[in-house]
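Comments concern the structure below.
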Amino acid sequence: MAKDTDNLLVVPAAPAESPLDAPFPSKRMLVNLGPSHPAMHGTVRAVVELDGETIHGMKLDIGFLHRGFEKSCENVTWTQVFPYTDRLNYVSSIMNNVGYAMAVEKLCDLEVPERAQYLRVLTSELHRMCDHLTLVSAMGLELGAMTVLIYGMEARDLIWDRLTELCGARLTSNYARVGGVSRDMPEGWGEKVERTLERTAEMVDEIDRLLTRNRIVIDRCRGTGVISRADAIDYGFTGPCLRASGEPYDVRKATPYLVYDRLDFDIPVGTNGDNFDRYLMRMEELKQSDRIVRQCLAQMQPGAIASDDPRFVLPPKPEVYGSIEGAMAHFKIIMEGIKVPPGEAYACVEAANGELGFYAVSDGSGRPYKLGVRAPGWNMLMALPQIMEGRMLADLIPTFDTVNMIGGEVEQ
Amino acid sequence: MSQAPLQKLKERFPDAVTETYAGKGGDAVALVKKESVAEVCRFLKDDPDLAFDMAPYITAADYMGSEPRFDLVYQMYSTKKNHRIRLRVGVPEGDPVVASVTSIWKGADWYERYCWDMYGIRFAGHPDPRRLYMYEEFVGHPLRKDYSLRGRQPLMAERTVDEPFRGPGPTGG
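Just so you know, the protein sequences line up as chains A and B, in that order.
Counting in our numbering, the first sequence runs from 125 upward without gaps.
Counting in our numbering, the second sequence runs from 249 upward without gaps.
Here's what the structure looks like:
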């Protein structure tokens, strides 16, 4: 019986001389994707060598968004660098602020008050949610599921509304300062954040129902853009892209900074290292960030939001207006910049895409002598030609989405 | 931060590692001679006790006026041992060529291109030694301290804006 059905499935081969069997003549051609292309986030130019629809070679040409971040930073005071860091990863700017502030504080050997540490973690995690929501919804859009974008944007804008109430801007938050943060939570803000989180969780569930078991999404993401654990480490992957390949490295757990050691959260780790796992990492981290924010709100105690070290932090306003010492301290910090002790330090935080490191060198004047940025997206973008070698052109789109290249930080 | 990797490195390369110290916040830092970079990096990656398997973050700094002028910085991390180390390599202005580490970590590729582009440090053995951000016609290296802050080199002539409130578009009727 089994044998009969086996025979039924065999398709008789057409005679080889049939004109229908003629091979499709194809020659390799070069296709230029970008620098401005709807499927390329930011402005990256990819030159792709195609044979039919298979990618045989690929070179990336970046730098269209290069605006001399480091050169600019070397020519302004330490405090004036904060707005520049906002523009690195513009979707989650507070994490850049915090990373830079931690590098300067390492140079100054400065302690940050506990409430400021909680505020930094809380806002960082809110911004991590924004970043992941952007990625997931943009990925949905580019794979043809536009509804996902609408849900994702609503959730993201709700969070941005809360951050606007806190620091006055949706994207360019400029929130952290050397020694603390710029503002405390407004009255009743905590409850509003909790309501926002509830609404966001509903949206995330909606996105989850639309994408995670979606046949098209699975077909396009499962098994595409694969990178092995060893290769990912060799390329310097960090963040969700590294964890999707099975390596559980997360700066928040490996070398806990701020108050992450007091918070209870999990790090999702994938196994396949493909686009689908990278997507799943983001969906799970959205839930984990939600947990962290709630714990921060519950654990936070009233207190100072900035250090009171007069060498590095502006004095309180009543002192500035009421005493000559206060006015002079204020004037000197504003005009000359913070006098950061000479030396060099590297500090890193777990940003939405991975390890965001700042290498700062001070010569003792009020300006950074050198400020290097280890942008997490750099390594992921660098590996793209190898990931795509021998794969279909269509796979490039979800892969480009999940490595989440952010022009602002990669091209500086 | 643990200083054990420094000790081991110093024992293995008594000549190539000229100095080790605990930097700000306890960072493990080693000063390495330029000639031995590839050898030291190979050891740091392959030794089972050190196992710096993740591609390093490579950057440079220009200490104009001191000798050697450039400082090449390798910030490394080990996923197996969860420790970090920083190598600092002095690079003189007269001979700014360092052995590439792209054969040790693939992820060193763009960072080395960045150091060439921004500081003019060459990497011997790099498979694709182009500039990273700037275009090939660009003259000079923008992050050197003697490169002007306003040293613009447009490929095409920049448009002049007559009316600053209108922008460079057509003036209309």
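No residue lacks a Cβ here, since even glycine has one placed at the ideal position from N, Cα and C.
* **Contact set between K494 (chain A) and chain B, taken where Cβ atoms lie within less than 7 Å** => Ordered by position in chain B, the residues that pass the 7 Å Cβ test against K494 (chain A) are A309.
* Asked: Is the distance from the Cβ of Q536 (chain A) to the Cβ of F148 (chain A) below 9 Å?
  -> Going by beta carbons, Q536 (chain A) and F148 (chain A) fall outside the 9 Å limit.
* Beta-carbon contacts of C232 (chain A) that lie in its chain and below 6 Å, excluding the five residues immediately before and after -> Excluding residues within five positions, the ones whose Cβ falls inside 6 Å are F436, V464.
* Could you tell me which chain A residues have their CB closer than 8 Å to the CB of D301 (chain B), listed as they occur along the chain? => Within 8 Å Cβ-Cβ: I357, D358.
* Looking at the C-beta of M382 (chain B), does it have a partner C-beta in chain A at a distance below 9 Å? -> A Cβ of chain A is located within less than 9 Å of the beta carbon of M382 (chain B).
* Report the residues of the segment 471–485 of chain A with a CB closer than 9 Å to any CB of chain B, ordered along the chain. => Listed in sequence order: A471, C472, E479, G481, Y483, V485.
* Would E371 (chain A) count as contacting chain B if we go by Cβ distances under 9 Å? -> Yes - at least one Cβ of chain B is within 9 Å of the one on E371 (chain A).
* Would you kindly report the start and end of the unbroken alpha helix (DSSP H) that includes N156 (chain A)? => Unbroken run through N156 (chain A) is the beta strand (DSSP E), 153–157; no alpha helix (DSSP H).
* Asked: Do the segment 256–272 of chain B and the segment 279–290 of chain A make contact, defined as three or more Cβ pairs closer than 8 Å?
  -> The segment 256–272 of chain B vs the segment 279–290 of chain A: no contact.
* How would you write the range of the alpha helix (DSSP H) that V272 (chain A) sits in, first residue to last? -> Segment 270–291, the alpha helix (DSSP H) holding V272 (chain A).
* Can you tell me which of A:L212, A:Q425, A:D332 puts its alpha carbon nearest to the alpha carbon of G481 (chain A)? => The shortest C-alpha separation from G481 (chain A) is found at A:L212.
* Asked: Quick one: complete beta strand (DSSP E) runs, 3+ long, within the segment 453–483 of chain A?
  -> Listed in chain order, they are 467–475.
* Asked: So, is the C-beta of K272 (chain B) closer than 9 Å to a C-beta in chain A?
  -> With a threshold of 9 Å between beta carbons, K272 (chain B) makes contact with chain A.
* **Cβ shell of A286 (chain B) (< 7 Å), same chain only, five flanking positions each side left out** => Once the five neighbours on either side are set aside, the close Cβ partners of A286 (chain B) are A347, V349.
* Is Q536 (chain A) helix, strand or coil by DSSP? -> Looking at Q536 (chain A) - three-state DSSP - the assignment turns out to be coil, as it is neither helix nor strand.
* Just mark N330 (chain B) as buried or exposed, buried being the case when its beta carbon has 16 or more other beta carbons within 10 Å. => Exposed: under 16 other Cβ atoms inside 10 Å.
* Candidates A:L517, A:I530, A:M529, A:Y493: closest to M312 (chain B) by CA position -> The shortest Cα separation from M312 (chain B) among A:L517, A:I530, A:M529, A:Y493 belongs to A:Y493.
* **Three-state secondary structure assigned by DSSP to M302 (chain B)** => In the structure shown, M302 (chain B) sits in a strand (DSSP, three-state: E or B).
* Asked: Hey, does K195 (chain A) have any beta-carbon neighbour from chain B nearer than 9 Å?
  -> Interface annotation, K195 (chain A): in contact with chain B, CB-CB separation under 9 Å.
* Hey, Y299 (chain A) and R307 (chain A): beta-carbon distance below 9 Å or not? -> Taking 9 Å as the Cβ cut-off, Y299 (chain A) and R307 (chain A) qualify as a contacting pair.
* Under a Cβ-count criterion, where at least 16 other Cβ atoms within 10 Å of its own Cβ denotes burial, should K293 (chain B) be classed as buried or exposed? -> Under this definition K293 (chain B) is a buried residue.
* Asked: Can a CB atom of chain A be found closer than 9 Å to the CB of V321 (chain B)?
  -> For V321 (chain B), the answer is yes, since a Cβ of chain A falls inside 9 Å of its Cβ.
* Name the chain A residues whose beta carbon is nearer than 7 Å to that of R334 (chain B)? -> Here the neighbours are Y470.
* Given C365 (chain A) as reference, the closest of A:I342, A:L421, A:P392 once Cα atoms are compared -> By alpha-carbon distance to C365 (chain A), the top candidate from A:I342, A:L421, A:P392 is A:P392.
* To do: Tell me whether the beta-carbon of L267 (chain A) lies closer than 9 Å to the beta-carbon of R344 (chain A).
  => Their beta carbons are under 9 Å apart, which means L267 (chain A) touches R344 (chain A) by this criterion.
* Asked: In chain order, what residues of the same chain have a beta carbon less than 6 Å from the beta carbon of T271 (chain B), not counting five sequence neighbours either side?
  -> Just to set this straight, residue 271 (chain B) is Gly in the shown sequence, not Thr. Cβ within range, chain order: V277.
* Residue interval of the beta strand (DSSP E) (run including E267 (chain B)) -> It spans 265–270 - the beta strand (DSSP E) in which E267 (chain B) sits, taken as one unbroken run.
* Asked: Can you name the residues of chain A whose CB is closer than 7 Å to the CB of Y305 (chain B)?
  -> Residues of chain A passing the Cβ test: G481, R498.
* When the cut-off is 9 Å and only beta carbons count, does K354 (chain B) lie next to chain A? -> Taking Cβ atoms only, chain A reaches closer than 9 Å to K354 (chain B), which makes this a yes.
* Buried or exposed for G274 (chain B), please, with buried defined as at least 16 other CB atoms from any protein chain shown within 10 angstroms of its CB. => Classification of G274 (chain B): exposed, given that the 10 Å Cβ count is below 16.
* Cβ neighbours of I416 (chain A) in the same chain (closer than 6 Å, five flanking residues each side left out) -> Setting aside the 5 residues that flank it on each side, I416 (chain A) is surrounded in the same chain by E249, L387, F389, each with a C-beta closer than 6 Å to its C-beta; the list follows chain order.
* Euclidean distance between Cα positions of E409 (chain A) and K151 (chain A) -> So the alpha carbons of these two residues sit roughly 44 Å apart.
* Asked: Is it the case that the CB of G394 (chain A) approaches a heavy atom of the ligand PLP more closely than 8 Å?
  -> Questions concerning the ligand PLP fall outside what the structure shown contains, since it holds no ligand whatsoever.
* To do: Verify the CB distance criterion: does M366 (chain B) have a CB-CB separation below 9 Å to chain A?
  => Chain A contact via Cβ: present.
* Asked: Can you check whether the CB of V534 (chain A) is closer than 9 Å to the CB of W502 (chain A)?
  -> Yes, Cβ-Cβ distance for W502 (chain A) and V534 (chain A) is below 9 Å.
* **Contact belief for G304 (chain A) with I179 (chain A) at Cβ below 8 Å, rounded distance in angstroms** => About 49 Å separates the two Cβ atoms, so there is no contact after all.
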